[in-house]
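Report on the following structure.
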Amino acid sequence: MCRVVQLLSLLLSLVSASFQANPAPPRILTARQVTYSCGPLRQPQGFHFWHINTCLNDIKKKKKVHNVQICNPIVSAGIMAYALPQGLHDMLWREYKFDNVTIVNQMAQSLLTVPIGTSIRRAVWIRQSAKRQRIVCWPDQPDFTNEDFQEFGGALAALLVKPSDTASNETGLRRRFMSFPPGFLARNRVHYIYKASYNYHKVWALHRNWRHYGLFGVSYYASRQWMIDEFDTWGGRVGRLLLASMRRAYECDYHGGCVPKPNWGEAFQPAGYQNVIDLWLHSISNRSPLAITFGDVETPPNTLWLSL
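So this is what it looks like as structure tokens:
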């Protein structure tokens, strides 16, 4: 079976490399609220994760790799993909149209794309979690696609979240697994934060943790580092977007130019992270989507828009 997957994945790689597919448009979330399903990781039968660890460490240390077949990224990716819960596979097919061969191919591309240290940490996390049959959760209808990240491993890190009984934060948005390395968001693409991505009422109930008004209406904000530490624990794409927006300085990369005050359909260039918090909380209070872009985009969004 592993050999069949390897051959099919290699064929898929050759076919996909022969042309550049047009990127899919941003995913429009139609669900009223993101819900989650959960299941245990699976211990692959007949395979041994230590082969993957040995291979990746040999590559990192530039040692001679003795078992070339095991060090094939398709084989390593196949073992890692099999360990994922069947329910997650079912969701990836239903929402992304990713069958098993595509998942293996995407994971193999991640192994070749990201730094070797990241691949090792991801492989170790999956191995340890599969051995313990760790329970993980994933959204039934994600508010993002694989193309919203630079590689599949980043999307997988955003999809995998902790069960609500042990790690749900007070916003109703799940916490991610901190030891599973996250990925980077795709540039030159419109990313949306929808009101259905988290529990609106719980988020708004906590907004004073991030911004509150003092005497004479003076605004006080949580420190930038505090916001970074908080957003870094959030699962899904929302956490990555808000984390990436907490910058020391901001530039305008949109070819049409940016505006100093937020307005619908216009690229907003904030003066500081406090302006980002203001815009985000404004979108929450109005229950409106917030668009965030990294770099230039061809088609501008017609919503509130933060250009980074």
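Here my numbering = 1-based position in the sequence shown + 218.
Glycine included, every Cβ here is placed at the ideal spot set by N, Cα and C.
> Taking the alpha carbon of P400 as the point to measure from, which residue in R505, Y438, V456 and A295 has its own alpha carbon closest?
Replying inline: V456
> Leaving out the 5 sequence neighbours to the left and right, which residues in its chain are closer than 6 Å to A375 when beta-carbon positions are compared?
Replying inline: F398, P400 and G401
> Tell me, which residues are paired with P258 by DSSP?
Replying inline: I353
> So what does DSSP say about A509, is it helix, strand or coil?
Replying inline: strand
> Any idea which residues DSSP pairs Y211 with across the strands?
Replying inline: A question about residue 211 goes unanswered here, because the residues of the chain that appear run from 219 up to 526.
> Could you give the residue range of the alpha helix (DSSP H) that holds S463?
Replying inline: From DSSP, S463 is part of no alpha helix (DSSP H); its letter is neither H nor E.
> Do you know whose CA, among S437, S501, T511 and R394, lies nearest Q492's CA?
Replying inline: S437
>> So for L330, helix, strand or coil by DSSP?
In response: helix
> With which residues is L524 paired in a DSSP beta bridge?
Replying inline: F486 and I510
> In angstroms, rounded to a whole number, what distance separates the CA positions of S337 and L433?
Replying inline: 51 Å
> Buried or exposed: where does N364 fall if 16 or more other Cβ atoms within 10 Å of its Cβ makes it buried?
Replying inline: buried
>> Is the beta carbon of L522 closer than 8 Å to that of S501?
In response: yes
> What residues are listed by DSSP as bridge partners for I411?
Replying inline: L508
> Does the stretch 332–352 come close enough to the stretch 309–319 to have 3 or more Cβ pairs within less than 8 Å?
Replying inline: no
>> Out of W356, D366 and H419, which one is the CA nearest neighbour of R392?
In response: W356
> When the Cα atoms are used, what is the spatial distance from D447 to N323?
Replying inline: 33 Å
>> Just to confirm the assignment, what range does the alpha helix (DSSP H) spanning P291 have?
In response: P291 to A301
> Hey, would you say D361 sits closer than 8 Å to V252, going by beta carbons?
Replying inline: yes
>> Quick check: what's the CA-CA separation for K420 versus H307?
In response: 30 Å
>> Tell me the rounded alpha-carbon separation between N406 and G475.
In response: 15 Å
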